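Quick notes on the structure that follows.
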Amino acid sequence: MKDMNMDIAPEKKSYIDLNVVQKKMSARILLNKIVNYLFLLSTLFGLIVLVILLYRVVADSIGWLNIDFLTNKLSTSPDRAGIVGAIIGTVWLMIIVGPVTMVLGIGTAIYLEEYAKKGRFHSFIQTNITNLAGVPSIVFGLLGLTIFVRVFGFGSSIIAGGLTMSLLVLPIVVVSAQEAIRSVPQFLREASYGMGATKWQTIKNVVLPSALPGVLTGMILALSRAIGETAPLVVIGIPALLIPIPGSLFDSFTVLPMQIYYWTIDSVLVDEYAHLAAATILVLLTVLFVMNSVAIIIRNKFQKRY
Amino acid sequence: MCALTITARKSTKANAPLASDTENTEKNIVMNTRALNLWYGENHALKNINLPMLENDVTAIIGPSGCGKSTYIKTLNRMVELVPNVRISGEILYRDRNIFDKTYLVEELRTRVGMVFQKPNPFPKSIFDNVAYGPKIHGIRDKKILKEIVEKSLRGAAIWEEVKDRLNENAYGLSGGQQQRLCIARCLAIEPDVILMDEPTSALDPKSTLKVEELIQELKEKYSIIIVTHNMQQAARISDKTAFFLNGEVIEYDNTDLIFSTPNDKRTEDYITGRFG
Amino acid sequence: MSKTVGVKDLIQKKDKLSKMKSGVEKSIPVFLFCLASISVLTTVGIVSTLVYETFLFFKDVSLIEFFTTTELKPLSPVEPKFSILPLLTGTVMTSLVAMLVAIPIGLTTAVFLSEYASPAVRKVLKPLIEVLAGIPTIVYGFFAFTFVTPLLREFIPALGATNALSPGIVMGIMIIPLVASLSEDAMNSVPNAMREGAMALGATKLEVTLRVVIPAAISGIIASFVLGISRAIGETMIVTIASGSSKNFTFDITQSMQTMTAYIVEVTSGDAASGTTAYYSLYAVAFTLFVFTLLMNMFARYISRKYREAY
């Protein structure tokens, strides 16, 4: 190890001048402090905008959001216009999106996590789902317009809108259901197999119940996305002034975001429409707030049980 | 002579400074820990530590896992304060200045008291940039000077010959042992006074361990070194002084050869003879 | 003892059903496979409709006209013109404005949450910022049109009632949480040992962040930017409402500019009869949009996977 001795240079020359280091130190620390506050400010920027946005919506809807507004049908006259049709339309939409995405989403997730062999085909479906999640919602609208409205001949009906919206939010349900299924510990499955249960019995009686909270959370998030989504429905074709209340899956319909859209763009013609739009936004945000709170409660309640 | 030493050691057992140690009078005290207590939340992790550390010595800190040795070494450059809910009392004097003093900036302290970690932690940058990082943040911009510093530091860490032809390659291409010596070079580049080493060889194979140990022997010519180790042979091989920690307390501190030949405390003896730990 | 026998009997009785049981066991995977293939069918549906109708469009209009000329007059009764360039500039300019807002604010938010904030502060701020991501885009559209544009006009009198600036800014705000949370994830995956290594050399937090954490997390950070851009390109309602429908080939963000998405909305909700060139043009535009966003999403995944540092 003689060469190691040679490695150590005998020179005592010093490069770091402590006085210089000290002099620069206070500036560096000050800069760090300033930047700390700038970053905090930047973080708060988004929240400030959020507060302004909410304030605007609430301020604009005061005096407009009341029982009449919630129970009246649409009207060109701002004083008599209400959103009962849009509320019922939104409920109808959920009646389709809920069951369809639940069956498709959970089924796909079970297939991917429990049955499919991890290989090319598995990663193909997985990649496909990831890619679908990134497709702009308006492209789903065109798919719905071409397939459901035109080819299947559903027209601009609840079923066409509902199926389109289901495909749009499907990736959300699949991914969250997959995560939930994956987090079910292996020993629970083994316990079930150990008693002679079959694979499907194990999935049905052990895996799915344990994964339920995660699946539900994903479902709620998917539904709240569907409730707020506008673009695909614009493409499918929702009439601006639809007075009759839909009564079946094949009726045309309108939903809360569509009503916001039409009132917003028409607010240049009739000033009061901006207030109607704001009041509808408040209703929509309240619904979303409640749904998300439920999702958070479910998630927190069932988190980390194992 | 021996008997005399032992009585002297007994009398100073708790507050380690050694009256009998002739070396003590020749060497300066670089860092002096006085009545140091540290709590993680409610957990009293360090209890009334008093330890001197001498210039150009290698001081080994040994003890079983969870005895506070890592906590202690991280307190010496105040890295321990990154842990939430840490409380500290007492003082550590570095060159006669209390490092917990409000006017003492941690960044300044850390340029004087360098650290080498348990696992090699090079930055995901080139070998050159790893070593130049410290000088750069401290304001050295001149390319030529940086080059000189990098070469000097890599030579100092006995790795220059191995990497001089690939300074621009990513540090993660090096072996674990080389990475650790690179981390030592990175530490040398800021020309510290004291080097803290927290089990620097625990993640290395025996061959690399040997190299790092030899390097430590070289480095003590110029630096004062504190090394935490759970390997008692290592402590015996490379250190001048050894402190034995147990449950957050310093049980014994003395010349390494004395600790390993005639330990004073039953617990020290139990530990170094492998009866627990 | 008799109880044990009873259970055995029951099990044996049940085994008679085992034939049926194995039938179920075999058919379940097939059924689930069919459900899983719906997602593949969706992709096939999207691609085939877009490709087919786009093909019909290019029978009438040449690729050269579509990509190199600058006039877009789909419904002109005299001489309809089909160029995507005005829509591309509209899309690019609004997205550019959006990213000028989202990248600096998103990244600094990520740095603050990951490097500076105490766990308690982080726990409060992070979900609040996520709220921004949960607000429907139509609400942002309303906000851009009725609040941000009038506000900006106080400062820029020349600003049009519809323009690219205001929806761009609002879109940027919408994308902040996306950039922030993905960048933060990337920074969180940088091992603490690396931060400690830099701090032990006397680096300040800022120096640790700029010279160690961000370089180490750069692939994930860039991926977050690319996904943000992709989101901005595909965003529809904000630009439809607040950016207007001017089809002029211009780079002036104070004036109305139509994006690709807004064009699709206009044509589908307008009078373009099925089968006309104007009708097919929306598929050509949608196909372009689809390809752009798909490529960006794939690119983002590629870089974040390929260049993830093996610490």
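Residue numbers (the UniProt record's numbering), protein chains in the order written: chain G, 1 to 306; chain Y, 1 to 277; chain X, 1 to 311. No residue lacks a Cβ here, since even glycine has one placed at the ideal position from N, Cα and C. Given the structure is predicted, the values throughout are model-derived calculations rather than measurements.
CA-CA distance, residue i and residue j?
i      : j      : result
P257/G : Y140/X : 11 Å
M174/X : I140/Y : 42 Å
P171/G : E81/Y  : 44 Å
V163/Y : G177/Y : 13 Å
N192/X : L30/G  : 24 Å
L93/Y  : D198/Y : 20 Å
G46/G  : F143/X : 14 Å
Q255/X : T89/X  : 12 Å
D60/G  : V206/G : 50 Å
L93/G  : A171/Y : 57 Å
S157/G : W263/G : 21 Å
K117/G : F33/X  : 12 Å
D21/Y  : I145/Y : Because D21/Y sits at a pLDDT of 47, beneath the cut-off of 50, its placement in the model cannot be relied upon, and the following sentence gives the value as read from the coordinates. Whole-angstrom Cα-Cα distance: 42 Å.
L174/Y : P215/X : 19 Å
A278/X : P74/X  : 5 Å
E23/Y  : D240/Y : Low confidence applies here, because E23/Y scores a pLDDT of 48, under 50, leaving its location unreliable and the question unanswered by this model.
Residue i: which of the options sits nearest, CA to CA?
i             : options                        : result
V47/X         : Y302/X, L289/X, R305/X         : L289/X
L70/G         : S293/G, I296/G, A277/G         : A277/G
residue 314/X : F289/G, N32/G, R28/G, V268/G   : The requested residue 314/X does not occur in the structure, where chain X is confined to residues 1 to 311.
N199/G        : D266/G, A231/G, E114/G, M25/G  : First, the residue type needs correcting, since residue 199/G is Lys and not Asn in the sequence shown. Comparing Cα positions, the closest option is E114/G.
G197/X        : H44/Y, V131/Y, V194/Y          : V131/Y
G114/Y        : G202/X, I105/X, V213/X, I103/X : G202/X
N131/G        : A109/G, R120/G, A160/G, L168/G : L168/G
N56/Y         : I73/Y, K27/Y, N32/Y, S70/Y     : K27/Y
A200/X        : M79/Y, T33/Y, Q179/Y, P263/Y   : M79/Y
residue 315/X : Y15/G, V97/G, V58/G, V21/G     : In the structure displayed, chain X extends from 1 to 311; residue 315/X sits before or after that span and is not available.
T280/G        : I52/G, D79/G, R28/G, A86/G     : A86/G
Assign residue i to one of two classes, buried (16 or more other C-beta atoms within 10 Å of its C-beta) or exposed (fewer than that).
i      : result
R181/Y : buried
S208/Y : buried
P167/X : buried
N77/Y  : buried
F39/G  : buried
E239/X : In the sequence on display, residue 239/X carries Val and not Glu. V239/X comes out buried.
L295/X : exposed
L151/X : exposed
L156/X : Residue identity check: residue 156/X is Ile in the sequence provided, not Leu. Per the 10 Å Cβ criterion, exposed.
R87/Y  : exposed
A242/X : buried
Q259/G : buried
F55/X  : exposed
G41/Y  : exposed
N297/X : buried
F244/Y : buried
D254/Y : buried
S27/X  : exposed
Y283/X : buried
Q258/X : buried
Give a yes or no on whether the minimum CB-CB distance between residue i and chain B is below 7 Å.
i      : result
A117/X : Looking at the structure shown, chain B is missing, and the protein chains on hand are G, Y and X.
Are the segment 223 to 239 of chain G and the segment 251 to 263 of chain G touching, with three or more C-beta to C-beta distances below 8 Å? Yes: the two stretches touch, three or more of their Cβ pairs being nearer than 8 Å.
Looking at chain X, which residues of the segment 199 to 214 of chain G have a Cβ within less than 7 Å of any of its Cβ atoms? Legend: CB atoms of the segment 199 to 214 of chain G lying less than 7 Å from CB atoms of chain X belong to residues K199, W200.
Residues within the segment 133 to 155 of chain Y neighbouring chain G, beta-carbon criterion of under 8 Å: Flagged, chain order: P135, I137, H138, G139, I140, I145, E148, I149, K152, R155.
Residues of the segment 274 to 293 of chain X in Cβ contact with chain G at a cutoff of 8 Å, in chain order, please. So the close ones are S274, L282, Y283, A286, L289, F290, T293.
Output, in sequence order along the chain, the residues in the segment 197 to 224 of chain Y whose CB is closer than 7 Å to any CB in chain X. For the segment 197 to 224 of chain Y, which is checked against every Cβ of chain X, not one residue is closer than 7 Å.
Mind listing which residues of the segment 200 to 221 of chain X have their C-beta closer than 8 Å to chain Y's C-betas, in chain order? Residues of the segment 200 to 221 of chain X with a C-beta atom less than 8 Å from some C-beta of chain Y are A200, L201, G202, A203, T204, E207, R211, V212, P215, A216, listed in chain order.
Any 3 or more C-beta pairs closer than 8 Å across the segment 99 to 117 of chain G and the segment 271 to 287 of chain X: In short, these stretches do not touch, since the Cβ pair count stays below three.
Three or more C-beta pairs closer than 8 Å, one from the segment 58 to 65 of chain Y and one from the segment 244 to 255 of chain Y: is that the case here? Below 8 Å, enough C-beta pairs join the segment 58 to 65 of chain Y and the segment 244 to 255 of chain Y to call them touching: three or more.
Tell me whether the segment 129 to 136 of chain X and the segment 57 to 70 of chain X touch, counting them as touching only if at least three CB pairs, one residue from each stretch, are closer than 8 Å. Touching, no.
Relative to chain G, which residues along the segment 102 to 133 of chain Y have a C-beta separation below 7 Å, given in chain order? Flagged, chain order: L105, E107, E108, T111.
Pairing CB atoms from the segment 175 to 184 of chain G with CB atoms from the segment 201 to 213 of chain G, are three or more of them under 8 Å? Touching, per the Cβ criterion.
Segment contact flag, the segment 222 to 233 of chain X with the segment 175 to 187 of chain X, C-beta cutoff 8 Å, min 3 pairs: With a cut-off of 8 Å, the segment 175 to 187 of chain X and the segment 222 to 233 of chain X count as touching, because enough Cβ pairs lie within range.
Is there contact between the segment 125 to 134 of chain G and the segment 144 to 164 of chain G, where contact requires at least three CB pairs shorter than 8 Å? Contact between the segment 125 to 134 of chain G and the segment 144 to 164 of chain G is absent, because fewer than three Cβ pairs lie under 8 Å.
Residues, ordered as in the chain, of the segment 49 to 77 of chain Y that lie near chain G by beta-carbon distance below 7 Å: From the segment 49 to 77 of chain Y, no residue has a Cβ closer than 7 Å to chain G.
Does the segment 40 to 60 of chain Y come close enough to the segment 232 to 241 of chain Y that 3 or more CB-CB pairs lie under 8 Å? The segment 232 to 241 of chain Y, when compared against the segment 40 to 60 of chain Y, does touch it at the 8 Å Cβ threshold.
To be precise: take each residue of the segment 258 to 271 of chain X, compare its Cβ to all Cβ atoms of chain G, and keep it if any distance is under 8 Å. Which residues remain? Close to chain G, meaning a Cβ-Cβ distance shorter than 8 Å, are the following residues of the segment 258 to 271 of chain X: T261, I264, V265, T268, S269.
Residues of the segment 81 to 101 of chain Y with a CB closer than 8 Å to any CB of chain G: list them in chain order, please. Per Cβ criterion, the list is empty.
Count the C-beta pairs between the segment 103 to 122 of chain Y and the segment 184 to 200 of chain Y that are closer than 8 Å, then say yes if the count reaches three, no if not. Yes, the segment 103 to 122 of chain Y is in contact with the segment 184 to 200 of chain Y.
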